[in-house]
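As structure tokens, the structure follows; a few thoughts come after it.
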Amino acid sequence: MIKIVCLLFGIIACSFAFDCITNEEYDWPDSTNCRYYHHCKDGKATDHSCLVLLKKFNPEKLKCDWAWKVNCEAVPQKLEPKKETSAARETSKSSKTK
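When you line the sequence shown up against mature numbering (1 follows the signal peptide of the UniProt record, and there is no 0), it's residues -17 to -1, 1 to 81, in that order.
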């Protein structure tokens, strides 16, 4: 019986897990509570909350903000892929030619 309960708990926990974009670092709002957000780094999410009592996570600015400035029902914009800098391209090219 205990094994079944543990299995069900694991399945439920996995279904609520937040998926992050690999090789990116960003914060993303929790879908159920405006006070919480997910910090993504290298494809792994950690859950955080806005610590100050009067703050909530602003889905438009993607950071904690004063509660009266936050529209919890706003939909965040999609993340833009990071643009590769010319220095990074040069480094990449030089490592391929060696």
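Glycine is no exception: its CB is placed at the ideal position from the N, C-alpha and C atoms.
query                                                                                                         : result
Classification of residue 51 by the beta-carbon crowding that lies within 10 angstroms, buried from 16 upward : exposed
Host beta strand (DSSP E) of residue 29 (start-end)                                                           : 27 to 32
Residue 41 - partner residues in DSSP beta bridges                                                            : 46
Pairwise C-alpha distance: residue 36 and residue 5                                                           : 32 angstroms
Which of helix, strand or coil DSSP assigns to residue 61                                                     : coil
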